[in-house]
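Numbering (the UniProt record's numbering), first residue to last: 1 to 205.
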């Protein structure tokens with residue numbers, strides 16, 4: 001039992017190192033040799049834990065999926081209103097990117113996904129789940145006359161996801177000189193205001 005725990009711990013260590021190095025070097029330039037050095041192993045030892053480099057990336061994807069899903073579940077476990085739920089889901093994404101800055105680069109790496117169809121499929125599923133959560137909250141808000149009825153919840157969800165993606169790119173290119181969560185919260189408040197039903201907009205004006 002202890003040997004298995006040690007192996008699991010080492011696998012986790014390798015995954016965390018991949019995330020850190022993907023941020024420092026870029027996911028497309030990251031080699032298993034650099035990962036091995038980071039965790040104090042040889043390359044053959046790395047491949048005893050993961051048969052291929054693609055398997056390491058799949059483990060990274062599983063790790064990202066797990067931490068994001070847990071954060072989403074924490075939001076869903078509250079009694080938040082639809083508007084507050086939408087806000088919380090977006091802010092959770094921004095916090096995850098702040099904690100693991102390599103996430104956007106990994107999610108949008110053409111080279112990485114071209115070499116690993118299973119990885120692409122896993123990330124597509126993850127993003128589809130997030131979009132579904134936003135669509136459900138937005139549709140619920142429309143049913144409660146909180147959000148305007150002349151915009152499709154699916155379109156509104158895409159606008160919000162695009163806000164996250166665009167802001168993450170600006171944050172990265174700008175050498176992370178501003179708070180991603182604070183700036184995202186400010187822009188999100190503007191976007192949410194545009195989604196509100198006209199009667200509610202008059203009350204909050």
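Glycine residues also receive a C-beta, built at the ideal position from the N, C-alpha and C atoms. None of these values were measured; they are calculated from a predicted model.
Here residue 195 is not bridged, per DSSP, to any residue. When the alpha-carbon of residue 99 is set against those of 115, 16 and 111, the nearest one is in 16. Buried is the label assigned to residue 184, since at least 16 other Cβ atoms lie within 10 Å of its Cβ.
Taking all protein chains shown into account, residue 40 has fewer than 16 neighbouring C-beta atoms within 10 Å of its C-beta and is therefore exposed. Rounded to whole angstroms, residue 104 and residue 165 show a C-alpha spacing of 7 angstroms.
The segment 11 to 60 is shown to contain whole alpha helix (DSSP H) runs of 4 or more residues at 32 to 39 and 43 to 49, in chain order. Rounded to the nearest angstrom, the gap between the Cα atoms of residue 43 and residue 33 is 6 angstroms. Spanning the alpha carbons of residue 116 and residue 191 requires a straight line of approximately 35 angstroms.
Residue 180 sits close to residue 167, with the two beta carbons spaced by under 8 angstroms.
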